[in-house]
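To convert, take the position in the sequence shown, counting from 1, and add 300; that gives this note's numbering. Glycine included, every Cβ here is placed at the ideal spot set by N, Cα and C. A quick note: this is a predicted structure, and the numbers were derived from the prediction, not measured.
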Amino acid sequence: MSRSQWGSRLGFILAAAGSAIGLGAIWKFPYVAATNGGGAFLLIYLLICLSVGLALMLGEMALGRAAGSNAVGTFRQLGGKPWPIVGLVGVLVCFLIYSFYSVVGGWTIAYIGKSLTGSILTSDAKVLGDTFNAFITDPLQPLVFHGLFAGLTLAVVLGGVQKGIENLSKFLMPALFVLMLVLIVRGLTLPGAVDGLLYFLTPDLSKVTGTMLVDAMGLAFFSLSLGMGIMITYGSYVGRDTPLLGSSLWVIALTVLTCFLAGLMVLPAVFAFGFDPSAGPGLTFITMPAVFAQMAGGQLFAVLFFCLLLVAALTSSVSLLEVVVSAVMEELKMPRRKAAWLVTLAVFLLGIPASLSLGIWREYTLFGKGFFDLLDYLTSNLLMPLGEVLLALFVGWKVWPSVAAELSRHGKTPAWLGVMRGFCRYLAPVLILGILVHNL
Ligand code: PHE
Numbered sequence: 301m302s303r304s305q306w307g308s309r310l311g312f313i314l315a316a317a318g319s320a321i322g323l324g325a326i327w328k329f330p331y332v333a334a335t336n337g338g339g340a341f342l343l344i345y346l347l348i349c350l351s352v353g354l355a356l357m358l359g360e361m362a363l364g365r366a367a368g369s370n371a372v373g374t375f376r377q378l379g380g381k382p383w384p385i386v387g388l389v390g391v392l393v394c395f396l397i398y399s400f401y402s403v404v405g406g407w408t409i410a411y412i413g414k415s416l417t418g419s420i421l422t423s424d425a426k427v428l429g430d431t432f433n434a435f436i437t438d439p440l441q442p443l444v445f446h447g448l449f450a451g452l453t454l455a456v457v458l459g460g461v462q463k464g465i466e467n468l469s470k471f472l473m474p475a476l477f478v479l480m481l482v483l484i485v486r487g488l489t490l491p492g493a494v495d496g497l498l499y500f501l502t503p504d505l506s507k508v509t510g511t512m513l514v515d516a517m518g519l520a521f522f523s524l525s526l527g528m529g530i531m532i533t534y535g536s537y538v539g540r541d542t543p544l545l546g547s548s549l550w551v552i553a554l555t556v557l558t559c560f561l562a563g564l565m566v567l568p569a570v571f572a573f574g575f576d577p578s579a580g581p582g583l584t585f586i587t588m589p590a591v592f593a594q595m596a597g598g599q600l601f602a603v604l605f606f607c608l609l610l611v612a613a614l615t616s617s618v619s620l621l622e623v624v625v626s627a628v629m630e631e632l633k634m635p636r637r638k639a640a641w642l643v644t645l646a647v648f649l650l651g652i653p654a655s656l657s658l659g660i661w662r663e664y665t666l667f668g669k670g671f672f673d674l675l676d677y678l679t680s681n682l683l684m685p686l687g688e689v690l691l692a693l694f695v696g697w698k699v700w701p702s703v704a705a706e707l708s709r710h711g712k713t714p715a716w717l718g719v720m721r722g723f724c725r726y727l728a729p730v731l732i733l734g735i736l737v738h739n740l
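Here it is in structure tokens:
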């Protein structure tokens, strides 16, 4: 059976950007930036994305295309034993992240419904906090929406690389940008919005600390979907004549732009109505509805806002599922249909304790964390950095000649290659080990 390929370069870029742009850029970035010195955080985030982030993304895409295989097969083919373990860890991390990502994806669907009925359109943040808590701790409702979200993701992945993932991304990613622009214009034209704009853009250098650097790096790698085989898998579907540097620069530019736009969308509006911008994770589900409740036409904008979150989450979850499915298909010789159904079922089941751990199973904890938080902590703070270090070492030291050959396919060896090698060999491992040590 011949391997799937993207239909066009644009399709590839939008699918990879769709994976990168997700809850990380739209949900996490605004509140993390707001609590970490605004403009200073944005600048550091940008620098990390364009240096180490670019090197790792290029490395992953080149590996995938050179091997033409899934995440596990790529490491086996190019590195031999014991490297496939790194691919396997990546696949496992995708699986674990997907299980709680899908729970949160379900919340966005539920909130589209709550916006349509108007039940969350109150300016009382206390009531909204209670509503949100009552919803996520409910034993049944979030599970229904988790199933719905996983079902949507399954439908896309069943469609395959071109007809499913690429077509969805080509349609949804432009829609995402239009939605954001509409919401930004609405936010910026509110009286008092300028203060929020200044708060977001003025660099507060006193907030530049070790913890902030670790936060910025963690968010950069998470939001670029690096270190778990996603860009390897997407890279393995790229045609031989597609330039990888230009493509990855596009993906990074679109992701950074989205983070910036997400800040512009959320913070001025939050300021205009006098809410606390550093409300943390609750900013999206608790503060934003209160903001919409006070806006002219707020109900419409609330619906649009949660549709936007759903779109962002869906194109990311599709990439998480695709990595696992492609590994199962090729390593266990299973047809796409069967692999996709099996993995979805497993993810659905794992999501159940994750969701319940926020409510009725709250008492069951390990290391002081419920299951949901444990999954998040284990993947974001330990397994992802581990995967990234190993990836950087693999690219920089073990298989650099193959990667370099893949990246200089169009004529002579480009001058920037040496810089990329330096990033993979030294800078990335040192920085990421710093994150790991800090997290431990
Ligand atoms: N990049 C996605 C986001 O920002 C999340 C993600 C992480 C997706 C890792 C795939 C892999 O939400």
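Let me check you understand the geometry: is the CB of residue i closer than 8 Å to at least one non-hydrogen atom of ligand 1?
i: M528; result: yes
i: I532; result: no
i: F522; result: yes
i: L323; result: yes
i: I397; result: yes
i: Q612; result: The question names Gln, but residue 612 is Ala in the sequence shown. A612 Cβ: within cutoff of ligand 1.
i: Y664; result: no
i: L354; result: no
i: A333; result: no
i: Y401; result: yes
i: S626; result: no
i: A320; result: yes
i: S469; result: no
i: C607; result: no
i: C349; result: no
i: S536; result: no
i: S525; result: yes
i: S578; result: no
i: C724; result: no
i: S776; result: Residue numbering for the chain in the displayed model covers 301 to 740; residue 776 lies beyond these limits and cannot be assessed.
Thinking C-alpha only, which one of the options is nearest residue i?
i: D515; options: V730, F329, F694, H710; result: F329
i: V623; options: G418, F648, Y537; result: Y537
i: A579; options: G318, F312, R303, T335; result: T335
i: R637; options: L621, I652, L650; result: L621
i: I652; options: P442, A315, I409; result: P442
i: A410; options: F435, V556, G337; result: F435
i: I732; options: M517, P714, S680; result: M517
i: L343; options: L448, A455, P503; result: P503
i: W760; options: L440, F601, S308, A612; result: Given that the chain is displayed from residue 301 to residue 740, the structure contains no residue 760 and the question cannot be resolved.
i: G338; options: M473, C724, L498; result: L498
i: G464; options: G311, A333, I348, S419; result: G311
i: P474; options: I313, T374, L645, P729; result: I313
i: G413; options: S351, L675, L610; result: L610
i: I297; options: I735, L544, H738, D673; result: In the structure as shown, the chain begins at 301 and stops at 740. Residue 297 is therefore absent and cannot be evaluated.
Does the beta-carbon distance from residue i to residue j come in below 9 Å?
i: V391; j: V372; result: yes
i: T422; j: A640; result: no
i: V603; j: L583; result: no
i: A365; j: G487; result: It should be pointed out that residue 365 corresponds to Arg in this sequence rather than to Ala. Cβ distance not < 9 Å, so R365 and G487 don't count as in contact.
i: H446; j: G406; result: yes
i: F521; j: G353; result: yes
i: I530; j: S319; result: yes
i: S702; j: L378; result: yes
i: F573; j: A590; result: yes
i: M528; j: V393; result: yes
i: S399; j: L650; result: yes
i: V695; j: A325; result: no
i: V461; j: S304; result: yes
Ligand 3 and residue i: does any heavy atom of the ligand fall closer than 8 Å to the residue's C-beta?
i: L620; result: Absence of ligand 3 from the depicted structure is noted, with ligand 1 being the only ligands included.
Problem - Three CB pairs or more closer than 8 Å across the segment 469–476 and the segment 679–693 - result: No contact exists between the segment 469–476 and the segment 679–693.
Exercise for the section: Could you tell me whether the segment 355–363 touches the segment 547–560, using the rule of 3 or more Cβ pairs below 8 Å? Expected result: Taking one beta carbon from each stretch, the segment 355–363 and the segment 547–560 have 3 or more pairs nearer than 8 Å; the two touch.
Practice task
Kindly confirm or deny that the segment 594–603 and the segment 504–515 touch, where touching means at least three C-beta pairs closer than 8 Å.
Solution key: no
Exercise for the section: May I ask you to verify whether the segment 425–432 touches the segment 658–665, counting CB pairs closer than 8 Å and requiring at least 3? Expected result: no
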